[in-house]
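K.L.:
Residue numbers (this note's numbering), protein chains in the order written: chain A, 49 to 1000; chain B, 24 to 202.
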């Protein structure tokens, strides 16, 4: 053929491909305008089923060294059992697939001929047949059924349900799937996974090419469990292998690598959570039209899976927040942190359906408008997506510019309190990877982290978010809050450990924390902790001499995280009252030479971790628009602060290298859920999730009348009040302001709910009808922890911060007048008995020493002969409906949190009901109305370090 | 090796002549090992093989992404020769020995879907005469395991062009092999 003519054929071929299939014939005929030879040429090229056969689609060496899928062609038009083979419908990674007709049952079936290598090993074949029988028992409308196994000339062939229609992979070739359709497909996939997981069957190879959509829209998941059934080796052997050889048995091609979970990529054992990861990948790809973890080569893809976060900014703007959140929970690198149950996926998808009503076929503009208004009422900021560091819109602010975040640590352990070396080459941080909290150093360039305190006799303070580590300006030492192991001292000192390689620590400053060297290295600043009396800020020479109090203690407030301005002129820090969530808190600045502190960032929520920048701007963590902390930037020109990070999870403790090129921060993900336990002192005591870990549900309170439960939840994006039955069903919103609404408490008659809110830009106590309606403000006041009603429903008790110790107050519900409830040593966490003149509360007596006490309405001590009982730091109290028993939950000293049942009139008043896992903190506790069970808020914080780097 | 590759990239064609046998030997060794059971039970894709050769031959610290793509581009041709030569050898052996039973190695000679490598090799030569670039695209993608973007960079054309060449080239080859 002459080249010109070939060019023409080529052009018509491509133009024809761009047409609808039905229009192609006419198009080619017209384009060739009577040149029949050319028309035939183009038509014969168009007729080649290159896509269906994936012709040459796998690189040569793959086909070259893989076992042949024969007897392939030879099966055509043959009989296999009761099946007449009709045509080849596909060539998958695992073998050739035929359409056949089962003449006995009169239905079409698919026949998949499996690799010959399967039959060469009798053990493996036997295992495959065993697995296949198990899989054949899976009968579900969204799972393509396995009908049986036939023998095709010595090679096993599976007889499968024939599913007509394109795969999701084929659908994706045309671009992203519209939101509503994608969610419908996802829901059906989740259904299929749930049914399989219930029977203990894991898919292991879920991907777009394994999901078919029938013409009526029904989704069928194919090849369930086949990856394992046909695998060459047992899972045990897999575990010892390297990433590229394990779990990549028959038919690993690049496409499959993209959907591997991190544990699969590492060659570790997998469980059902591997399917949840893959489900996330499929959903993400449907919504965006692109792979969640793209890579040109297998190694690039695996690197992306192990280290990077998907780009959530690629999700369509109309993606419901529930779906974004769901995706983020599917993509937790550590399977322990991933959604544990496909049933939870279900909830999230159903919820998202609920808030994207019939937007299916409306114009996209209308859909956007609709979602926007929903976003407003639900308090969701429109841009809140994904974990990425967003470039501030204006660079001239001197705002730091960073590329996307990389997880610096990805272990299941908690990493926090990071500091970055002046040259930015290594990072010191705290981690409980070894059990106890230690100081670790890891180089940015790579390598294993080194534990610097394992061989010392230091006990490192485990608190996060108060100071973290500090590296001296010459990089030779790391300052850490610690005390010697086994010492009786209650406070911690600052020690310095040689860096970066470690060595013998030396005690630097006694009873101090959050030490920071000035930029020129000549001075230090630190916090001298004073518990509820407040903390003072001290400055001194670099050797610790000439210490003087720069900022005196502020009663009832805690002071943390001092930070020098780049020129050494100012010291920034933050202050907060002792609420469990640290709200409110504010950033304050003081001249390093003394004077009045000025508030720099004021908020009813949190403004923490100031990081002053050389140009006068300030980077800090805050949550003015939601529940979770993000990093914010405020330029020296006092423009509106800009949000730098987006996404679920909190960014805390940011630290920057002195050249400004690298920034490290702690990323905290919370698991918050309502859980219940029966009140029974026997083996039946076990925790059960009432709501799932990802909706941010806390602070439950059951109505003594209706038995219904009210709680605070961040499921809509901001913290609001919701009601539900005590088993977690029939969830309904009670309030929906963009303000924080929390710590709800039912009135004794069940008609009203008192709660704490920052509505109107100020903390206060509010009341709302338990059936809904407009809340009314009862008082403007800070509230330390719980609200509790008097038995007659006329008064509410609560605690406020005060100079020496928190104090109890009582407010009249009718006129809003407040009076003190004077107790001997102050108190907080009040719980008013429903049956009498008894207020239980917690009395703080120093670090780790908080005890249960009782007074009457006049402040006279009751049950004064009761033993002290367990320490209940960060505790919550709740009376049983009978008024005889009290549940007390708190952290006793350094041990795990535990729930105690206290019966003041009993001979042995304190009985431990259950000890909670070490990582769990209680947040609110209530009894079911029959007094048989407790429901409490369970909070678990998981933290990793993330590293942002300035682009080169 | 690295030096040769850099020289070749800088335009020194004699460097290519020196490089090819090195890469050929390495790829052949890897390919044989794959077939001799070390990886019998899994598929191996070309990218992986070439990556392995690359890691062995080249000091990766001195190579950037473009160099790597050029290496892959060169390997594609070498890979084609390795595989086709192996296929020819097997075919000859089989004829000579009169072996009838199907072994794993037969995959090289008569793998499914007309991917008879010897025939494909001939067809590719024919395509090259008609449209050199399309045959090169197929060679890079199929034998070298290059992505669309990498192919585009090596051939200095747009990814869209590569995509079109890839489609039409495959259709042409499939038809040629079916005839």
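In this text, a Cβ means the ideal position worked out from N, Cα and C, and glycines have one as well.
(1) Name the two residues that bound the continuous beta strand (DSSP E) containing residue 160(B).
(2) So that I know if they touch, is there some Cβ in chain A lying closer than 8 Å to that of residue 159(B)?
(3) CB-CB under 8 Å to residue 862(A), same chain, minus the five flanking residues each way: which ones, in chain order?
(4) When the distance is taken between beta carbons, is residue 333(A) closer than 8 Å to residue 340(A)?
(5) Is there a Cβ of chain A sitting closer than 8 Å to that of residue 153(B), yes or no?
(6) Name the one or two DSSP bridge partners that residue 959(A) has.
(7) Just the Cα atoms here: how many angstroms apart are residue 158(B) and residue 182(B)?
(8) What residues from the stretch 177 to 200 of chain B come within 8 Å of chain A, judged by C-beta to C-beta, listed N to C?
(9) Do you know how far the Cα of residue 200(B) is from the Cα of residue 136(B)?
(10) Please state whether DSSP places residue 136(B) in a helix, a strand or coil.
(11) Look at the alpha carbon of residue 93(B) and the alpha carbon of residue 177(B), and state the distance between them as a whole number of angstroms.
(12) Does the beta-carbon of residue 155(B) have 16 or more other beta-carbons within 10 angstroms, so that it is buried, or is it exposed?
(13) Assuming residue 322(A) is part of the alpha helix (DSSP H), what are its boundary residues?
(14) Nearest chain B C-beta to residue 104(A) closer than 8 Å, yes or no?
(15) Assuming residue 859(A) and residue 888(A) make a contact with CB atoms under 8 Å, what is their CB distance in whole Å?
(16) Residues of chain B with CB closer than 8 Å to the CB of residue 62(A), please, in chain order.
(17) Kindly indicate which three-state DSSP category residue 991(A) falls into: helix, strand or coil?
(18) Among the candidates 538(A), 537(A), 557(A), 534(A), whose CA atom is the shortest distance from the CA of residue 545(A)?
(19) Taking only beta-carbon atoms, is residue 98(A) less than 8 Å away from chain B?
(20) Do the CB positions of residue 352(A) and residue 703(A) come within less than 8 Å of each other?
(21) Provide the residue(s) that pair with residue 925(A) in DSSP beta bridges, ordered along the chain.
(22) Cα-Cα, which of 890(A), 463(A), 655(A) is closest to residue 716(A)?
(23) For my contact list, residue 955(A) and residue 892(A) are in at a C-beta cut-off of 8 Å; report their separation, rounded to the angstrom.
(24) Between 846(A), 54(A), 501(A), 722(A), which lies nearest to residue 761(A) when the distance is taken from Cα to Cα?
(25) What is the rounded straight-line gap between the Cα of residue 833(A) and the Cα of residue 877(A)?
(26) Just to check, is the beta-carbon of residue 221(A) closer than 7 Å to a non-hydrogen atom of the ligand FMN?
(27) Starting from the beta carbon of residue 128(A), find every residue of chain B whose beta carbon is closer than 8 Å, and list them in chain order.
(28) Between residue 953(A) and residue 932(A), what straight-line distance do the alpha-carbon atoms span, to the nearest angstrom?
(29) If you measure from the beta carbon of residue 93(A) to each beta carbon in chain B, is any gap under 8 Å?
(30) In chain B, which residues lie with their C-beta within 7 Å of the C-beta of residue 58(A)?
(31) Between residue 958(A) and residue 656(A), what straight-line distance do the alpha-carbon atoms span, to the nearest angstrom?
(32) For the stretch 176 to 190 of chain A against the stretch 125 to 136 of chain A, are there 3 or more C-beta pairs whose distance is under 8 Å?
(33) Which whole-angstrom value is the C-beta distance of residue 261(A) and residue 189(A), which I expect to be below 8 Å?
(34) Please identify, using Cβ separations under 7 Å, the residues of the stretch 314 to 335 of chain A that lie next to chain B, in order along the chain.
(35) Along the chain, where does the beta strand (DSSP E) containing residue 973(A) start, and where does it finish?
(36) Is there a Cβ from chain B that is less than 8 Å from the Cβ of residue 543(A)?
P.N.:
Checking against the coordinates, here is how it stands:
(1) Segment 155 to 161 is the alpha helix (DSSP H) holding residue 160(B); no beta strand (DSSP E) there.
(2) no
(3) Counting only Cβ-Cβ distances below 8 Å, and skipping sequence neighbours, we find 842.
(4) yes
(5) yes
(6) The partner list for residue 959(A) (beta bridge, DSSP) reads 949(A).
(7) 16 Å
(8) 187, 190, 191, 193, 194, 195, 196, 197, 198
(9) The predicted position of residue 136(B) is uncertain, since its pLDDT is 32 and thus under 50; a value taken from the coordinates is nonetheless stated next. Their Cα atoms are separated by approximately 9 Å.
(10) Unreliable positioning characterises residue 136(B) in this predicted model, as indicated by a pLDDT of 32, which lies under 50. A coordinate reading is not provided.
(11) 6 Å
(12) It is exposed - the Cβ of residue 155(B) has fewer than 16 other Cβ atoms within 10 Å.
(13) 320 to 336 is the extent of the alpha helix (DSSP H) around residue 322(A).
(14) yes
(15) With 8 Å as the limit, residue 859(A) and residue 888(A) do not qualify as a contact, their Cβ atoms being about 18 Å apart.
(16) 187, 190, 191
(17) Three-state DSSP puts residue 991(A) in a strand.
(18) 557(A)
(19) yes
(20) no
(21) DSSP lists 936(A) as the bridge partner or partners of residue 925(A).
(22) 463(A)
(23) That pair is no contact at about 28 Å.
(24) 722(A)
(25) Linking residue 833(A) to residue 877(A) through their CA atoms gives a straight-line distance of about 6 Å.
(26) What this structure holds is no ligand at all, so the ligand FMN is not there to describe.
(27) For residue 128(A), no chain B residue has a C-beta closer than 8 Å to its own C-beta; the minimum C-beta separation is roughly 18 Å.
(28) Their Cα atoms are separated by approximately 8 Å.
(29) For residue 93(A), the answer is yes, since a Cβ of chain B falls inside 8 Å of its Cβ.
(30) 191
(31) 39 Å
(32) no
(33) Actually they are not in contact, since the Cβ atoms of residue 261(A) and residue 189(A) sit about 14 Å apart, beyond 8 Å.
(34) none
(35) 968 to 975
(36) no
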